[in-house]
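Numbering follows the numbering used here, in which position 221 of the sequence shown is assigned residue number 675; successive positions increment by one, without gaps.
Ideal Cβ placement from N, Cα and C applies to all residues, glycine included.
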Amino acid sequence: MRAFSCEVCAQRLFFENDLCLRCGTPQGFDPDRLELVARGDRRGCANALLAACNWLVADDDPIGLCVSCRLTRTRPNDGDAGALEQFAEAEQAKRRLVFELLDTRLPIGADLHFDLLSSRYEPVVTGHDHGVITLDLAESDDARREARRAQFDEPYRTLLGHFRHEIGHYYWPRLVEQAGADELARARTLFGDERASYQDALDRHYAQGPPDGWDERYVSAYATTHPSEDWAESFSHYLHMRDTLQTAAELGLTVGGAAIADEPAPFPALVGSWLRLAWALNEVNRSMGRDDLYPFTLADTVVAKLAYVEQRVAAAATARTAAPVGESADRGQLPQ
């Protein structure tokens with residue numbers, strides 16, 4: 455995430471701010487500039503109250519929803535106050551995801567939709583299916599999410615983490631399969647054959663758990679479930695790394711006297727910066743009596759997978775830059 459400040463008084467701002475607390479200037483996030491700006495007479499998103507959205511829309515926009523909110527296809531009904539509160543928290547996390555997609559210039563096709571549903575009345579399974587990402591809004595509840603994290607013996611579970619994982623599934627066909635047979639073969643060498651039975655793999659994982667020595671080849675235990683989950687977990691962790699490194703670099707953080715680097719530094723330099731930063735953040739968390747902020751290790755095989763994700767993301771950005779004006783939505787234009 456970039457560092458933001460008030461255009462009027464230079465006060466530091468959070469990405470979610472809709473008001474500068476020093477000078478009182480209303481703020482709005484401009485998705486074209488990827489900056490927080492003094493709102494002035496600019497038009498805000500129609501979900502400003504419902505989803506606490508501080509993003510701006512074009513004055514002539516017929517829908518009135520920002521580029522993040524318009525991706526949401528289904529939400530709780532207006533009479534479900536509890537679910538709407540959770541919905542606002544989920545949308546806040548989704549806006550961070552969409553910022554990162556815009557910042558990396560990843561293609562956002564017209565087929566990408568989010569169903570943000572409450573399992574209060576019926577079962578909801580968080581997942582991805584042909585461009586539709588479903589999230590159980592119960593994940594917004596800290597106590598319930600922590601209970602599920604403990605139940606599945608996961609070291610890390612957050613709303614943003616869910617979004618980053620599921621968007622990884624969305625990008626597999628776009629970044630790998632559509633790149634051609636050679637690229638697909640290369641990916642399968644790293645992650646395995648995604649055509650293997652998913653249900654059989656899932657049953658085996660929940661019956662037997664991860665294989666011995668899994669952390670030498672996978673970024674998480676869940677990544678061992680199936681090649682498609684290995685890709686999604688690796689993609690998610692790449693976004694974790696990139697966003698956190700960008701934040702640290704924007705703030706001018708140093709660890710051990712060395713500045714934290716972010717893109718466009720070469721990937722080995724990014725990994726070195728990430729390991730130093732993760733160590734420092736874990737130490738800070740421990741000083742506060744908290745668990746490690748990043749409770750994962752990155753073996754050489756995992757780093758190779760992360761480097762592959764970075765290469766595919768960079769290739770997509772390059773393709774977008776080279777594409778003629780007027781390309782289709784799947785070339786990176788947001789759906790209208």
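Item                                                                                                      : Value
Pro577 burial status per 10 Å Cβ neighbour count (16 or more: buried)                                     : exposed
Contact under 7 angstroms by Cβ, Arg493 with Pro485                                                       : no
Residue from His680, Tyr652, His659, Gly615 whose Cα sits closest to the Cα of Phe645                     : His680
Arg549 versus Ile562: straight-line alpha-carbon distance, rounded                                        : 14 angstroms
Thr588 beta carbon less than 7 angstroms from that of Asp565                                              : no
Whole-angstrom distance between Ala703 and Ala761, CA atom to CA atom                                     : 20 angstroms
Assigned secondary structure, Phe469 (DSSP; H/G/I helix, E/B strand, else coil)                           : coil
Distance between Tyr672 and Ala686 (C-alpha atoms, nearest Å)                                             : 11 angstroms
Neighbour-count burial assignment, Glu631, 16 or more Cβ in a 10 Å radius                                 : exposed
Paired residues, beta bridge with Leu570 - DSSP                                                           : Leu589
Sufficient close CB pairs (3 or more, under 8 angstroms) joining the region 465-484 to the region 499-514 : yes
Range of the contiguous beta strand (DSSP E) that encloses His582                                         : 581-583
Burial state of Asn531, where buried means 16 or more other Cβ atoms lie within 10 Å                      : exposed
Among Gly585, Ile714, Leu475, nearest to Ile621 - alpha-carbon criterion                                  : Gly585
Residue nearest to Ala592 in terms of C-alpha spacing, selected from Leu729, Val579, Ser572               : Ser572
Beta-bridge partners of Ser459, as assigned by DSSP                                                       : Arg466
At least 3 beta-carbon pairs within less than 8 angstroms: the region 654-661 vs the region 724-738       : no
Residue nearest to Arg496 in terms of C-alpha spacing, selected from Phe750, His616, Asp515               : Asp515
Among Thr698, Tyr652, Ala535, nearest to Leu614 - alpha-carbon criterion                                  : Thr698
Short Cβ contact (7 angstroms threshold) for Leu752 with Asn739                                           : no
Residue interval of the beta strand (DSSP E) (run including Gln481)                                       : 481-484
CB-CB length for Leu693 against Arg618, believed under 8 angstroms                                        : 5 angstroms
Inter-residue spacing [alpha-carbon to alpha-carbon] between Arg456 and Gly706                            : 11 angstroms
Contacting residues, own chain, Cβ-Cβ under 7 angstroms from Ala547 (five flanking each side not counted) : Leu613, Leu614, Phe617
Supposed contact pair Val767 and Leu560 - C-beta distance, whole angstroms, cut 8 angstroms               : 6 angstroms
Distance CB(Ala675)-CB(Pro664) smaller than 7 angstroms                                                   : yes
Beta-bridge partners of Arg497, as assigned by DSSP                                                       : Val511
In DSSP terms, what Ala713 is bridged to                                                                  : Thr708
Nearest-angstrom beta carbon gap, Ala537 and Arg574 [assumed within contact, 8 angstroms]                 : 6 angstroms
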